[in-house]
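This report refers to the structure that appears directly beneath it.
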Amino acid sequence: MTARSFQPPVRTLMGPGPADVHPRVLAALARPTIGHLDPAFIGMMDELKGLLRLAFRTENALTMPVSAPGSAGMETCFVNLVEPGDKVIVCINGVFGGRMKENVIRAGGEPVCVEDPWGRAVDPSRLEDALKANPDARIVAFVQAETSTGASSDTRTLVDIAHRHDCLTIVDAVTALGGSPLEVDAWGVDAVYAGSQKCLSCTPGLAPISFNERALAKVKARSTPVQSWFLDLNLVLGYWSGEGKRSYHHTAPVNALYGLHEALVMLAEEGVEAAWARHHRHHLALRDGLEALGLELVVPEAERLPQLNAVSIPGGVDDAAVRGRLLRQYGLEIGAGLGALAGKVWRIGLMGWSSRPQNVLYCVSALGAVLNDLGAKADTGTALDRVQRALDA
Ligand SMILES: Cc1ncc(COP(=O)(O)O)c(C=O)c1O
Numbered sequence: 027m028t029a030r031s032f033q034p035p036v037r038t039l040m041g042p043g044p045a046d047v048h049p050r051v052l053a054a055l056a057r058p059t060i061g062h063l064d065p066a067f068i069g070m071m072d073e074l075k076g077l078l079r080l081a082f083r084t085e086n087a088l089t090m091p092v093s094a095p096g097s098a099g100m101e102t103c104f105v106n107l108v109e110p111g112d113k114v115i116v117c118i119n120g121v122f123g124g125r126m127k128e129n130v131i132r133a134g135g136e137p138v139c140v141e142d143p144w145g146r147a148v149d150p151s152r153l154e155d156a157l158k159a160n161p162d163a164r165i166v167a168f169v170q171a172e173t174s175t176g177a178s179s180d181t182r183t184l185v186d187i188a189h190r191h192d193c194l195t196i197v198d199a200v201t202a203l204g205g206s207p208l209e210v211d212a213w214g215v216d217a218v219y220a221g222s223q224k225c226l227s228c229t230p231g232l233a234p235i236s237f238n239e240r241a242l243a244k245v246k247a248r249s250t251p252v253q254s255w256f257l258d259l260n261l262v263l264g265y266w267s268g269e270g271k272r273s274y275h276h277t278a279p280v281n282a283l284y285g286l287h288e289a290l291v292m293l294a295e296e297g298v299e300a301a302w303a304r305h306h307r308h309h310l311a312l313r314d315g316l317e318a319l320g321l322e323l324v325v326p327e328a329e330r331l332p333q334l335n336a337v338s339i340p341g342g343v344d345d346a347a348v349r350g351r352l353l354r355q356y357g358l359e360i361g362a363g364l365g366a367l368a369g370k371v372w373r374i375g376l377m378g379w380s381s382r383p384q385n386v387l388y389c390v391s392a393l394g395a396v397l398n399d400l401g402a403k404a405d406t407g408t409a410l411d412r413v414q415r416a417l418d419a
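Take a look at the structure:
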């Protein structure tokens, strides 16, 4: 076999993630690898934890990246916080809420599912009803930014309800972190996990997490050991915690952590609130352009995520043909529908470094051209005018 170096094609990533990685992050990844117990590396880790606190808006001491993708952040929360027999209310309004339920079952817990329609936010009144019906529930779990549908749930309200019923909260912020408002301390979120590959402009493969004292106390008070050795926070903290000497737990993904560090330095330079505002501004411009092309967004306006726009595929338009042409002719990736929305929607992401004016213009112009090529009437000129007007506003 003759193998050659892999040269990826040039793409513009406007799907559900990964998003475009910033050149500064790519450059950071290529810096020389050093030992993961080297004092210089440990200094970088400490800074990284501080930067993650800034992104999550928290003072939580237990704030760190898990050395694995967002799904491992999810598992870290569930395997550490759910003990066999614990009743957990899981709000499900898309694919990732469904995965939370699976996690509860595998951790030996008893899930109570609160279902909302796909494309809608989690309904706080249904959560309240479920908590009244299950006074023995210990934990409430939900997804703030449901990437499978583009719906944004009201974390502050849901956490408030959970606390009134004496439950801890686990919040999925994989797509939320850096892209839309998230205030871990001010809203009282107990445990939260995220992903590096979405609104942070970083490569996939790392899962920032943060636990407050209440959540950590539940982990420490467990009567059964955490069933996962790798994700057991009692062990991981020996490596990541700032107290005393660091002990070997696993070999940290050294260069990947350089990349996350650089991405977070960039977030700090921009300002977290400015990053939220940027995602919102570009979402409005994309929305205007898509609507001028005759396309409709799936999620009601008040519940829309700026960083993930689910668009109904017009009748008679071939989903795969459009996405295929965008990729082949324009190097542009948009996402297909997932789960119940497969074949019905496109998911257009504006995350991190992908959330830029030129990407909005490029996506609307390429999509307009492809729709016209395939026989659907789309007024690309007007759509681009609308985008430009929104960007100038
Ligand atoms: C809301 C949400 N949760 C969890 C995940 C899982 O993250 P990963 O694919 O990095 O494991 C994703 C990934 O798209 C996501 O969007």
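Numbering (our numbering), first residue to last: 27 to 419. The beta-carbon is built from N, C-alpha and C at its ideal position, and this holds for glycine as well.
request  = Closer than 6 Å by C-beta to Asp-46: which residues in its own chain qualify, once you throw out the five before and the five after it? Chain order, please.
outcome  = As a position in the sequence shown, residue 46 is number 20, starting the count at 1. When the five nearest sequence neighbours on each side are left out, the beta carbons in the same chain lying within less than 6 Å of the beta carbon of Asp-46 are those of Leu-39, Trp-379, Ser-380, in order along the chain.
ask   = Heavy atom of ligand 1 less than 7 Å from the Cβ of Thr-201, yes or no?
value = Numbered from 1 along the sequence shown, position 175 holds the residue referred to as residue 201. Indeed, a heavy atom of ligand 1 lies less than 7 Å from the Cβ.
request  = Say yes only if the C-beta of Asp-198 is nearer than 7 Å to one or more non-hydrogen atoms of ligand 1, and no if none qualify.
outcome  = Here residue 198 is taken as the residue at index 172 of the sequence shown, counted from 1. Taking 7 Å as the cut-off, the C-beta of Asp-198 counts as close to a heavy atom of ligand 1.
request  = Kindly confirm or deny that the region 94-102 and the region 68-82 touch, where touching means at least three C-beta pairs closer than 8 Å.
outcome  = Short answer: they don't touch.
Reference Glu-422, options Thr-229, Leu-400, Thr-195, Pro-207, closest by Cα = Nothing can be reported for residue 422: it is not among the residues displayed for the chain, which extend from 27 to 419.
ask   = Is it buried or exposed for Phe-32, if we count other Cβ within 10 angstroms and need 16 for buried?
value = Here residue 32 refers to the residue found at position 6 when the sequence shown is read from its first residue. Classified as exposed, Phe-32 has fewer than 16 neighbouring CB atoms from the shown chains inside 10 Å of its CB.
ask   = Is the Cβ-Cβ distance between His-287 and Leu-77 less than 8 Å?
value = Here residue 287 refers to the residue found at position 261 when the sequence shown is read from its first residue. Here residue 77 refers to the residue found at position 51 when the sequence shown is read from its first residue. Leu-77 sits close to His-287, with the two beta carbons spaced by under 8 Å.
request  = Would you give the residue range spanned by the alpha helix (DSSP H) that Val-116 belongs to?
outcome  = In the sequence shown, residue 116 corresponds to position 90, counting from 1. Careful: Val-116 lies outside any alpha helix (DSSP H), inside the beta strand (DSSP E) at 113-118.
message = Measuring only the C-alpha atoms, how far is Arg-25 from Leu-323?
response = Absent from the model: residue 25. The displayed extent of the chain is 27 to 419, so no value can be given.
Residue nearest to Gly-365 in terms of C-alpha spacing, selected from Val-51, Pro-137, Leu-63, Gly-145 = Counting from 1 along the sequence shown, the entry for residue 365 is found at position 339. Of the listed residues, the one whose Cα sits closest to Gly-365 is Gly-145.
message = Below 7 Å, is the gap between the Cβ of Ser-97 and the nearest heavy atom of ligand 2?
response = In the structure shown, ligand 2 is absent; the only ligands present are ligand 1.
query = Is DSSP giving Ser-338 helix, strand or coil here?
reply = Translated into the one-based positions of the sequence shown, residue 338 becomes position 312. It is a strand residue.
request  = Please specify which runs of the alpha helix (DSSP H), each continuous and at least 4 residues long, are wholly inside the region 216-282, giving them in chain order.
outcome  = Counting whole runs of 4 or more residues, the region 216-282 contains the alpha helix (DSSP H) stretches 239-246, 259-266.
task = Check whether the Cβ atoms of Asn-335 and Gly-176 sit closer than 8 Å, and answer yes or no.
result = For the purposes of this step, residue 335 is taken as the residue at position 309 of the sequence shown. For the purposes of this step, residue 176 is taken as the residue at position 150 of the sequence shown. The Cβ atoms of Asn-335 and Gly-176 sit closer than 8 Å to each other.
task = Answer yes or no: the CB of Gln-223 versus the heavy atoms of ligand 1, is any distance below 7 Å?
result = On the sequence shown, position 197 is the one that residue 223 refers to. It does: the Cβ of Gln-223 is within 7 Å (strictly closer) of some heavy atom of ligand 1.
task = For Leu-376, name the three-state secondary structure that DSSP assigns.
result = Here residue 376 refers to the residue found at position 350 when the sequence shown is read from its first residue. Three-state result, Leu-376: coil.
request  = List in chain order: all unbroken beta strand (DSSP E) runs of 3+ residues lying wholly within the region 37-106.
outcome  = Within the region 37-106, the complete beta strand (DSSP E) runs of at least 3 residues are 38-40, 88-92.
ask   = Does the beta carbon of Thr-173 fall short of 7 Å from some heavy atom of ligand 1?
value = Sequence index remark: in the sequence shown, residue 173 carries index 147 (1-based). If you check the C-beta of Thr-173 against ligand 1, you find a heavy atom less than 7 Å away.
key: Segment limits, alpha helix (DSSP H) that includes Asp-411   = Indexing the sequence shown from 1 puts residue 411 at position 385. Here the alpha helix (DSSP H) through Asp-411 covers 406-418.
ask   = With distances taken from CA atoms, which of Thr-181, Trp-255, Thr-250, Asp-112 is nearest His-276?
value = Residue numbering aside, residue 276 sits at position 250 when the sequence shown is read from its first letter. For His-276, the nearest C-alpha among the options comes from Trp-255.
ask   = Secondary structure at Val-197, three-state DSSP: helix, strand or coil?
value = Position 171 of the sequence shown, counted from the first residue, corresponds to residue 197. Val-197 falls in the strand class under three-state DSSP.
ask   = CB-CB under 6 Å to Val-252, same chain, minus the five flanking residues each way: which ones, in chain order?
value = By one-based count along the sequence shown, residue 252 stands at place 226. Val-105, Asn-106, Asp-258.
message = So, with DSSP's three-state summary, where would you put Ala-212?
response = Start at 1 with the first residue of the sequence shown, and residue 212 comes out as number 186. Assignment of Ala-212 by DSSP, reduced to helix, strand and coil, places it in the helix class.
ask   = Just how far apart, CA to CA, sit Val-148 and Ala-167?
value = Taking the first residue of the sequence shown as 1, we reach residue 148 at position 122. Taking the first residue of the sequence shown as 1, we reach residue 167 at position 141. For Val-148 and Ala-167, the distance between alpha carbons rounds to 11 Å.
task = Give the DSSP bridge partners of Pro-137, in chain order.
result = In the sequence shown, residue 137 corresponds to position 111, counting from 1. Bridge partners of Pro-137: Val-114.
query = Measuring from the CB of Pro-65, is there a heavy atom of ligand 1 at a distance below 7 Å?
reply = As a first step, residue 65 is located in the sequence shown; it is residue number 39 there, counting from the start. False, no ligand heavy atom lies under 7 Å from that Cβ.
task = Look at the Cβ atom of Pro-35, then the Cβ atom of Gly-357, and state whether they are nearer than 8 Å.
result = The count along the sequence shown starts at 1 and reaches residue 35 at position 9. The count along the sequence shown starts at 1 and reaches residue 357 at position 331. In contact: Pro-35 and Gly-357 (Cβ atoms closer than 8 Å).
inquiry  = What does the Cβ neighbour count give for Asn-385, buried or exposed, with the cut at 16 atoms within 10 Å?
reply    = The residue given as residue 385 occupies position 359 in the sequence shown. Asn-385 counts as buried, since at least 16 other C-beta atoms from the protein chains shown sit within 10 angstroms of its C-beta.
ask   = Under the rule that 16 or more other beta-carbon atoms within 10 Å means buried, what is Pro-42, buried or exposed?
value = Position 16 of the sequence shown holds residue 42. Buried is the call here.
message = For a minimum of 4 consecutive residues, which ranges assigned as the alpha helix (DSSP H) are wholly contained in the region 279-324?
response = Secondary structure remark: continuous alpha helix (DSSP H) runs of at least 4 residues inside the region 279-324, in chain order: 280-296, 298-318.
ask   = Which stretch, first to last residue, makes up the alpha helix (DSSP H) that contains Phe-122?
value = Reading the sequence shown from its first residue, position 96 is the one you call residue 122. From DSSP, the alpha helix (DSSP H) with Phe-122 extends over 121-132.
message = If distances are taken between C-alpha atoms only, which option among Phe-122, His-191, Asp-112 comes closest to Val-138?
response = Reading the sequence shown from its first residue, position 112 is the one you call residue 138. Taking only the C-alpha atoms, the option nearest Val-138 is Asp-112.
Best match in Leu-80, Ser-151, Asp-418, Val-121 for proximity to Val-235 [C-alpha to C-alpha] = The residue labelled residue 235 in the question sits at position 209 within the sequence shown. Here residue 235 is Ile; the residue named in the question, Val, does not match the sequence. Minimum Cα distance to Ile-235 is reached at Leu-80.
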